[in-house]
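Position 35, counted from 1, in the sequence shown is what my numbering calls 35; the numbers after and before it change by one each time, with no gaps. All remarks here apply to the structure that follows.
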Amino acid sequence: MSEHLRTGVLSRLRSKDATTRNNAAQQLCKLIVDTGASSNQNLLYLDLNSRLAKNVGSSDIHDLLESTAILSALVDVDTLNEAQRTRIPVQLKLLLKQSNQTVSTEAVGVYKKLVNKKWTTFMSLVETDLSRSLEWLTNERSE
């Protein structure tokens, strides 16, 4: 992927406009898939994961929206390995906790996409979270 194209996609992921972000996420997904299972795809994934690690702790809405868009694109990539897939819900949980309604709404959309994917690892995490929530609701959990 050319640096110019990559920079353009990444800058559009930071947009406050949902349509612009969604289109950029789709383009990013296509770019990831087009690189195939090559070392370029792994380098791109590492770059995106680095951005996510930096952004999810940020208070800047643009960083947080970029993170939701990157996660949305990664969910659509079928060639991710299990370790890469496992990182997505971990990073997503941090975004779901955000007080900004736009960010949390976007994160819920990514969460829905994950549920529809039915990845084994993610489904077991959902089951654990639901069980924990039910325990809290029924006062069976002491933490």
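Glycine included, C-beta positions come from ideal geometry on N, C-alpha and C. Everything numeric in this text was worked out from a predicted model, so none of it was measured.
* To do: Return the residue from the list Asn-22, Thr-86 and Leu-125 that minimises the CA-CA distance to Ser-68.
  => Position 68 of the sequence shown, counted from the start, is the residue given in the question as residue 68. Reading off the sequence, residue 68 comes out as Thr, not Ser. Cα-wise, what sits closest to Thr-68 is Asn-22.
Burial state of Ala-53 (16 or more Cβ within 10 Å): Start at 1 with the first residue of the sequence shown, and residue 53 comes out as number 53. Counting Cβ neighbours within 10 Å, Ala-53 comes out exposed, since fewer than 16 surround it.
Using DSSP with H/G/I as helix, E/B as strand and the rest coil, what is Asn-164? The structure shown does not extend to residue 164, since the chain is modelled only from 1 through 143, so no value can be given for it.
Rounded to whole angstroms, what is the Cα-Cα separation between Ser-58 and Leu-44?
In the sequence shown, counting from the first residue as 1, residue 58 sits at position 58. In the sequence shown, counting from the first residue as 1, residue 44 sits at position 44. Roughly 21 Å between the two C-alpha positions.
- Three or more C-beta pairs below 8 Å linking the segment 18-34 and the segment 84-99: no
inquiry  = By the three-class DSSP mapping on this structure, what secondary structure does Lys-16 have?
reply    = Stepping through the sequence shown from its first residue, residue 16 is reached at position 16. Reduced to three states, the DSSP call for Lys-16 is coil.
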